[in-house]
Amino acid sequence: MNISNSHKKLSFVVPFTLEESIGDVSRWRQEVNNDSAHRFRLLISSFLAMFDQNDLCEFLIVCPAKHVDAIRRLMAGVTTDDRYVVLAESVVVPKIGAVLRADVDGMGGWYAQQVIKLAAHELVKTKYYLVLDSDIVCIRPCGYDSFVVGERCLLNIETSADYSRLYRPDFIQQEKKFKRDRFASSSRVVNQNFVEGGMDRFYGETPVVLSTSHVRLLIQALERQHRADWVDALAKFQRWTEYGLYFGFLESQNILEKVYKEADCNAILSLEKSVWHESHHYLVPREYNQAHFFGEKAGYFAAIQSWIPEAHWLPSRYASKTEFYRDMEKWVAAAAEKNISQTVRHDQPYPAKGAYG
195 MNISNSHKKL SFVVPFTLEE SIGDVSRWRQ EVNNDSAHRF RLLISSFLAM FDQNDLCEFL
255 IVCPAKHVDA IRRLMAGVTT DDRYVVLAES VVVPKIGAVL RADVDGMGGW YAQQVIKLAA
315 HELVKTKYYL VLDSDIVCIR PCGYDSFVVG ERCLLNIETS ADYSRLYRPD FIQQEKKFKR
375 DRFASSSRVV NQNFVEGGMD RFYGETPVVL STSHVRLLIQ ALERQHRADW VDALAKFQRW
435 TEYGLYFGFL ESQNILEKVY KEADCNAILS LEKSVWHESH HYLVPREYNQ AHFFGEKAGY
495 FAAIQSWIPE AHWLPSRYAS KTEFYRDMEK WVAAAAEKNI SQTVRHDQPY PAKGAYG
């Protein structure tokens, strides 16, 4: 892998499957598969509309080998730009089978997606790359300068104050415990000391900007520590996350502040606008309409969590998530058209390049 000399370009990586393996027949898992193509189309169309394509080096879509042809056909209906590349999982992670066979916690596919995001550092041609999921929507014009400030990447930080503003009191402690447990599990994998109960700030999740060279250092550290291929090593552990491993490693090396500029919970992903949890967990009733996603300028992406059953968040005016995704595509197009017709001016402290098409 050769890092590109091109100035101010980003690579993007998204793991995607048209059909998740269904270990149980719960309705939410069926929903994830039923609308996968519509969800993915929304991601790509919103990215094309909102991200400055002059700042794009490559966009890698990583999927099971059996889905490569179908996803290439799907992509052809959205863009013919050859920077958008569909790759088989086995090309990015030759040992992906070890993770899928281990099927830790019955979530082998989920762990495989995390391994793919880290392994992609071997393929990308840029100093930094941004990882996405298929349930992400780009909601605001952005470019390289939106995510890299000077020589540091922007990093979402979530705090107890954010949770108190967003969530019902009975859910806040549950959310904090969940995040602490995941980070503690990840810390054990990278041999970092973790003070139980001492964590009151949390790293944001996908989308996240990763430093290619520092992901490489993490992988090398994992292999030294476990004396095994890093993918084989991770397949034996539970409850780790890619970000817990990565940021835990940076913390252990005292280099987090060198690589990242910490920002609020709405800097890259807008936690405020995202469908991050079931509606009943929020303090204020949620109205998922055009004004919610495209009104106030906060964040460049929103998540529409695919794992949440539609009955637990989807507005009653929609018969299905597919109808909602179609409206989101219309709202994205309208927001992009509005920005094209104006001189785009980005709010400080996260400047980005202007005019997008």
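Sequential numbering of the sequence shown, starting at 195, is according to our numbering. Ideal Cβ positions, reconstructed from N, Cα and C, are used throughout, including at glycine.
Of the residues E417, L412, H471 and C459, which one's Cα is nearest the Cα of I449?
What you label residue 449 is simply residue 255 of the sequence shown in a count that begins at 1. Considering only E417, L412, H471 and C459, the residue with the shortest C-alpha distance to I449 is L412.
Bridge partner(s) assigned by DSSP for I253
Counting from 1 along the sequence shown, the entry for residue 253 is found at position 59. Per the sequence presented here, residue 253 reads as Phe, with Ile not at that position. For F253, which the question treats as bridged, DSSP gives the partners F206 and Y278.
When you compare each of L428, Y454 and P363 to H408 by their alpha carbons, which one comes out closest?
The residue you call residue 408 lines up with position 214 of the sequence shown. For the residues L428, Y454 and P363, the minimum Cα distance to H408 belongs to Y454.
By how many angstroms is the C-alpha of F443 removed from the C-alpha of H420?
Working through the sequence shown from its first residue, we reach residue 420 at position 226. Working through the sequence shown from its first residue, we reach residue 443 at position 249. Pairing H420 with F443, the inter-Cα distance amounts to about 14 Å.
Can you find at least 3 beta carbon pairs, one from the segment 315 to 334 and one from the segment 396 to 410, that sit closer than 8 Å?
In this structure the segment 315 to 334 touches the segment 396 to 410; the number of beta carbon pairs closer than 8 Å is three or more.
Beta-bridge partners of F396, as assigned by DSSP
The count along the sequence shown starts at 1 and reaches residue 396 at position 202. DSSP, once it has assigned bridges, lists E352 as partnering F396.
Would you call the segment 495 to 506 and the segment 456 to 469 touching, i.e. three or more CB-CB distances under 8 Å?
With three or more CB-CB distances shorter than 8 Å, the segment 495 to 506 counts as touching the segment 456 to 469.
Do F495 and I330 have their C-beta atoms closer together than 7 Å?
As a position in the sequence shown, residue 495 is number 301, starting the count at 1. As a position in the sequence shown, residue 330 is number 136, starting the count at 1. One thing to note: F495 has its Cβ within 7 Å of the Cβ of I330.
Residues near A259 by beta carbon distance below 8 Å, same chain, minus five either side
Start at 1 with the first residue of the sequence shown, and residue 259 comes out as number 65. These residues qualify, in order along the chain: A282, E283 and S284.
Using the Cβ count rule (16 or more neighbours within 10 Å means buried), how would you classify I534?
In the sequence shown, residue 534 corresponds to position 340, counting from 1. By the neighbour-count criterion, in which a residue is buried when 16 or more other Cβ atoms sit within 10 angstroms of its Cβ, I534 is exposed.
Which class does F245 belong to by DSSP, given the choice of helix, strand or coil?
Start at 1 with the first residue of the sequence shown, and residue 245 comes out as number 51. The answer is strand: DSSP assigns F245 an E or B state.
Return the chain-ordered list of same chain residues with a C-beta closer than 6 Å to the C-beta of D394, the five sequence neighbours on each side being excluded.
As a working mapping, residue 394 is identified with position 200 in the sequence shown. For D394, where only same-chain residues beyond five positions count, the Cβ hits under 6 Å are S354.
Opening and closing residue of the alpha helix (DSSP H) in which A457 lies:
Within the sequence shown, residue 457 is the residue found at index 263, counting from 1. Counting along the chain, A457 sits inside no alpha helix (DSSP H); it lies in the beta strand (DSSP E) bounded by residues Y454 to A457.
So, at 6 Å on beta carbons, what are the nonlocal neighbours of D375 in its own chain, with the 5 sequence-adjacent residues on each side left out?
Locating residue 375 in the sequence shown gives position 181, where the first residue counts as 1. So the list is empty, once near-sequence residues are dropped.
Have a look at the DSSP bridge pairing and note the partners of A553.
Nothing about residue 553 can be reported from this structure: the residues present for the chain run from 195 to 551 only.
Closer than 8 Å by C-beta to A306: which residues in its own chain qualify, once you throw out the five before and the five after it? Chain order, please.
Indexing the sequence shown from 1 puts residue 306 at position 112. Closer than 8 Å at the Cβ level, and outside the excluded window around A306, lie P209, E283, V287, I290, V293 and L294.
Environment of H261 [buried if 16+ CB atoms lie within 10 Å]:
Position 67 of the sequence shown, counting from 1, holds the residue named residue 261. Flag for H261 reads buried.
Pair within 7 Å by beta-carbon distance, S464 and A492
For the purposes of this step, residue 464 is taken as residue 270 along the sequence shown, with counting starting at 1. For the purposes of this step, residue 492 is taken as residue 298 along the sequence shown, with counting starting at 1. Contact: yes.
Boundaries (first-last residue) of the alpha helix (DSSP H) holding L412
Taking the sequence shown and counting its residues from 1, the one referred to as residue 412 is at position 218. Here the alpha helix (DSSP H) through L412 covers T406 to H420.
Measuring straight from C-alpha to C-alpha, what distance separates R266 and S328?
Numbered from 1 along the sequence shown, position 72 holds the residue referred to as residue 266. Numbered from 1 along the sequence shown, position 134 holds the residue referred to as residue 328. Distance between the alpha carbons of R266 and S328: 15 Å.
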